[in-house]
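Residues are numbered in the numbering used here as their position in the sequence shown, beginning at 1, plus a constant of 10.
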Amino acid sequence: MTSGKHWWLAMAFVCAAMFAGGVFIVIPLRMDMAGFLPRGHDAGSRFLLREVQQGVAGTVIMVGIDNAPEPELARLSMGLRNALAQDRQFVTVTNGAFSIEGDEALRRIMFQNRYVLAPDAASRDFRPTSLRQSFGRLLDDLNSESGAPFSGMLLRDPTGAFLDLARSFSPDAHVGLRQGVWFAPEQTERAPRALLLIRTRAAGMDLPHQASAQKAIRGGFMALHPKGARLLLSGPGVFAQASARGMRHDIDTISAASFLLVIGILYWRFRSLWMLAAIGVPFLLSLGAGMIAVRAVFGYVHGVAFGFGMTMLGVSLDYPVLLVGHRDRGEGPEATLRRIGRSMRIGVATAVLGLTGMMFCGLTGLAQLGVFAAAGLLTAAFVTLYIMPKLIVAADLAPNISGPSRILARMEQWRQARAICLVPVLISVGVIIWYPPAFDVRLTALSPIPDQLRQLDTAFRRDLGVPDASLLVAVSDVSAEGVLERETALEPAIAALRAQGALAGAQSATRLLPAAATQRSRAATLPDPATLKAAVDEARRDLPFRASAFDGFMADVAMARQSPPVVPQDFRNTPLAAALSPLLFERDGRWWGLLLPEDVQDRVAVTRAFENIPNVMVLDFRQEMDGLSAHYLYQTIRWMAVGCILAIAVLVLGLREIRCVARVLGVVMSVIVTMMGAASLAGVPLTLVHLVALQFVLGVTLDYALFFARPQLDDAERARTMRTLLICNAMTVMTFGMLALCHTMVLRHIGATVAPGVLLAMIYGFLLAGERPAIERTNAS
């Protein structure tokens with residue numbers, strides 16, 4: 011039964027737990043990486059980021075099947091294709107060369123309009139000499155066993171326009187076609203790999219539907235009884251799903267491990283469940299407040315922000331631990347706060363200012379981390395200062411071990427040799443001078459995708475002809491036809507680049523659907539019926555064709571002269587619509603077309619060729635994203651500087667003692683310089699995440715240094731400070747150390763920076779910020 015003195019504490023804990031639980035129920039976590047992507051700072055980066063999140067290219071899933079003999083792989087490939095082709099979750103499922111079999115609507119459109127769609131002008135060369143050569147080849151085909159069944163179609167298309175058009179639609183795959191399915195060309199006969207190319211209806215960042223689609227692929231594969239065969243998946247949706255799974259695993263692990271670690275440390279220190287309840291009140295309230303603050307500012311809470319918030323368990327608990335740890339049993343709240351209140355308030359202010367780089371960096375994901383941490387720290391501090399004292403006094407909570415400590419007193423003697431701290435600091439300064447820290451502004455430095463998966467993705471894209479859109483040309487206009495006309499105008503520039511060897515070619519919408527003006531121009535070159543009949547009669551002279559053999563051919567040409575141009579809507583609900591949609595699409599009332607250069611050898615030449623052309627943007631994905639990262643990096647540095655200046659101002663105004671301010675700032679500079687030197691010595695390039703983590707370390711270091719530097723009444727008070735800060739440090743180091751083991755790159759960088767930084771803050775704070783024992787005895791006397 012709860013005793014009377016613990017009643018209010020029990021009620022406070024229950025209310026705090028209900029508040030936090032209610033917040034978690036009402037505010038769901040968002041796990042997709044789209045919620046962690048930055049906002050573009052110019053037209054190019056905004057376009058690219060929008061396509062990453064919403065574009066059709068994100069719907070591609072590349073599939074590989076290996077670890078079995080080639081006949082078995084062919085069976086599995088065909089079986090998987092047949093199973094998935096009936097599933098409405100997929101737009102297309104292909105495992106061989108482009109085929110129009112089974113789609114009568116597309117075949118009819120292509121055949122009726124072959125003379126205006128076929129790219130090779132030779133298929134429209136109806137001069138008598140050219141037709142005679144075509145008729146000769148046609149005669150050979152008709153006399154062969156393979157051509158006889160198709161005699162009717164061959165006679166209607168003697169120049170091969172339909173076959174030319176079908177070949178132009180085929181993807182530029184480098185695969186080998188064996189046993190009727192695709193095989194990777196670089197795999198040996200002993201280790202073959204069958205390949206499939208799939209497009210989902212769901213966007214790449216639509217995690218629930220992507221999970222369902224990928225589950226269907228794996229389920230269809232397992233239903234074929236693959237025995238020892240292995241299924242490999244790659245693509246934007248696969249990466250997004252894998253990242254979400256890894257993030258969820260990290261969050262679950264961090265939450266459980268951090269909770270157990272902190273509970274274990276606190277119980278070992280205080281040996282009281284009521285003490286745990288008291289310390290849990292501000293933490294639960296701060297966790298809920300952080301969730302509410304992030305939701306209010308950003309509209310959603312990302313899983314990475316929550317994972318970081320759970321590691322704040324160690325930091326936000328510092329304040330109630332400091333309050334309880336400095337209290338003597340029977341002491342009133344005013345007496346405890348009189349000793350530590352000023353240091354705690356200054357520490358809270360400087361810790362929050364240490365998050366400015368994170369809060370105002372411009373990256374939504376990192377900004378969420380900063381807002382979460384700031385709201386949590388402020389809430390924990392407010393509850394500790396204004397609510398917890400009465401609850402703690404009412405329950406008469408205090409450390410089970412108090413008073414002076416001989417061990418701690420001997421440790422304080424180490425301050426006599428504090429000059430030894432100059433050794434690592436000076437070494438770090440020398441390292442920084444000789445090996446200045448490198449800054450990594452690449453966005454890929456924060457990628458959660460392992461190198462092995464990226465290499466597999468690159469191989470799949472190369473083999474399957476899926477373009478790597480790291481360099482693309484975006485063309486825009488008010489209509490689809492306007493885009494196609496602009497792309498047509500760029501074809502001479504592309505031809506010139508091919509002649510220079512700058513690229514091998516370019517995929518574009520006009521390869522699949524020429525502009526209406528181009529189609530009309532081609533139709534205009536077709537001869538009138540009388541001219542064509544005369545040419546046909548002359549060409550078939552002395553050849554064994556009946557006079558009426560080519561009547562169908564001449565009727566088709568006459569129809570092509572009069573037919574309206576083919577438009578994108580004509581391909582609706584056909585396989586060609588799926589091929590055209592990534593290259594020609596509408597966004598916010600404006601049409602866009604993408605030209606995807608192939609096998610680029612000279613990126614500079616390609617960029618210059620399309621510069622300064624109206625409504626044409628040359629977008630280097632890596633350059634744009636790295637430029638975006640650099641933009642936010644410099645913005646973060648500016649806000650870090652602002653936060654540091656404000657923190658120093660708060661320190662000076664709060665302490666009002668230059669000697670004490672100097673000791674505190676000396677600790678901060680020693681920690682930061684040592685961390686930077688260690689990074690340089692280890693060859694670790696500093697990313698945006700490292701910088702914001704370093705600023706967070708700065709805030710925690712100020713907190714520790716303030717408590718070590720404050721006036722200590724006696725040996726017992728110094729022992730209380732040392733014991734309490736050791737507990738705080740152990741909680742922070744262990745919880746952030748858990749982050750360093752995460753798979754999520756952002757969390758791992760934060761943990762690997764904060765954990766050693768906070769440990770150094772404890773060591774330097776103890777040695778440099780506190781007074782030497784001899785000096786304290788002199789002052790006391």
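Where is the CB? At the ideal position from N, CA and C, for every residue including glycine.
If you're wondering where the values come from, they're calculated on a predicted model, not measured in any experiment.
Proximity test, Met257 beta-carbon vs the ligand GDP heavy atom, cut-off 6 Å | No copy of the ligand GDP occurs in the structure displayed, which carries no ligand at all.
Within the chosen definition, does the segment 698 to 717 reach the segment 363 to 372 through at least 3 CB pairs nearer than 8 Å?
-> Inter-segment contact for the segment 698 to 717 and the segment 363 to 372 is present: three or more beta-carbon pairs are separated by less than 8 Å.
DSSP state of Pro79, grouped into three classes?
-> Coil, per DSSP.
Those runs of the beta strand (DSSP E) which lie wholly inside the segment 455 to 523 and span at least 3 residues = Qualifying beta strand (DSSP E) stretches, in chain order: 481 to 487, 515 to 517.
Skipping 5 residues on each side, what residues in its chain have a beta carbon closer than 8 Å to that of Gln510?
-> Hits under 8 Å: Asp612, Ala615.
Can you give the Cα-Cα distance for Leu234 and Leu90, rounded to whole angstroms?
-> So the two alpha carbons sit approximately 8 Å from each other.
Neighbourhood of Val678 by C-beta, 8 Å cutoff - its chain only, sequence neighbours within 5 removed = Here the set comprises Leu708, Thr711, Leu712, Ala715.
Reduced DSSP category for Arg669 - H, G, I as helix; E, B as strand; rest coil | If DSSP states are grouped into helix, strand and coil, Arg669 belongs with the helices.
Assign His259 to one of two classes, buried (16 or more other C-beta atoms within 10 Å of its C-beta) or exposed (fewer than that).
-> An exposed status is given to His259, since fewer than 16 other beta-carbon atoms sit within 10 Å of its beta-carbon.
Is it right to say Cys25 is buried, meaning 16 or more other beta carbons lie within 10 angstroms of its own, or is it exposed?
-> Burial call: exposed.
Return the CA-CA distance between Met72 and Ala519, expressed in angstroms with no decimal places.
-> In this model, Met72 and Ala519 are separated by some 22 Å (Cα to Cα).
Contact between the segment 596 to 613 and the segment 542 to 562 (3+ Cβ pairs under 8 Å) = No, the segment 596 to 613 is not in contact with the segment 542 to 562.
Out of curiosity, what's the CA-to-CA distance linking Gly342 and Thr394?
-> Here the C-alpha atom of Gly342 lies approximately 15 Å from the C-alpha atom of Thr394.
Candidates Leu175, Ser140, Pro129: closest to Met120 by CA position | For Met120, the nearest C-alpha among the options comes from Leu175.
When we look at the beta-carbon of Gly699 and count the other beta-carbons within 10 Å, is it buried (16 or more) or exposed?
-> Reading off the sequence, residue 699 comes out as Val, not Gly. By the 10 Å Cβ count, Val699 comes out buried.
Return helix, strand or coil for Leu701, following the three-state DSSP convention.
-> Collapsing the DSSP output to three states places Leu701 in a helix.
Are there 16 or more other CB atoms within 10 angstroms of the CB of Arg572, so buried, or fewer, so exposed?
-> With the sequence shown as reference, residue 572 is identified as Gln, and Arg is not the correct amino acid for it. Its Cβ having fewer than 16 others within 10 Å, Gln572 is exposed.
Quick one: grab the DSSP three-state call for Met215.
-> Judged by DSSP in its simplified three-state form, Met215 adopts coil rather than helix or strand.
Arg281: which of Ala254, Lys237, Pro246, Val334 sits nearest, CA to CA?
-> It is Val334 whose Cα lies nearest to the Cα of Arg281.
Sequence-distant residues of the same chain with beta carbon closer than 7 Å to Ala689, five excluded per side | Excluding five sequence positions before and after Ala689, the CB atoms of its chain that fall closer than 7 Å to its own CB belong to Pro447, Leu696, given in chain order.
Under a three-way DSSP split, which group does Pro434 fall into?
-> Here DSSP, grouped into helix, strand and coil, assigns Pro434 to helix.
Go ahead and label Tyr329 buried or exposed: buried means 16 or more other beta carbons lie within 10 angstroms of its beta carbon, across all protein chains shown.
-> Buried.
Residue burial classification, Ala383 (beta-carbon count within 10 angstroms, cutoff 16) = Ala383 comes out buried.
Does the distance from the C-beta atom of Leu19 to that of Leu376 stay below 7 Å?
-> Contact flag unset, no.
DSSP beta-bridge partners for Gly186?
-> Gly186 is bridged to Phe193.
Quick one: grab the DSSP three-state call for Glu727.
-> It is helical.
Could you please give me the residues that DSSP links to Glu596 through a beta bridge?
-> BP columns for Glu596 point to Trp601.
Please confirm whether Ile208 and Phe100 have their CB atoms less than 7 Å apart.
-> The answer is yes: Cβ separation under 7 Å.
Please name the residue or residues paired with Gly74 in a DSSP beta bridge.
-> Per DSSP, the beta bridge partners of Gly74 are Leu205, Leu242.
In angstroms with no decimal places, state the Cα-to-Cα distance between Phe560 and Arg166.
-> Taken atom to atom, the span from the alpha-carbon of Phe560 to that of Arg166 is near 6 Å.
7 Å Cβ cutoff met for Arg203 and Asp76 = In this structure, the beta-carbon distance from Arg203 to Asp76 falls below 7 Å.
Environment of Pro79 [buried if 16+ CB atoms lie within 10 Å] | Pro79 is exposed by the Cβ-count criterion.
Specify, as a first and last residue, the run of the alpha helix (DSSP H) that Thr139 falls within.
-> For Thr139, the enclosing alpha helix (DSSP H) starts and ends at 138 to 153.
Can you give the Cα-Cα distance for Ile647 and Leu691, rounded to whole angstroms?
-> Roughly 22 Å separates the two Cα atoms.
Rounded separation between Met285 and Arg428 - CA only = Met285 and Arg428: Cα-Cα distance of roughly 35 Å.
Cβ-based burial, Ala660 [other Cβ within 10 Å; buried from 16] | For the record, residue 660 in the displayed sequence is Val; it is not Ala. Classification for Val660: buried.
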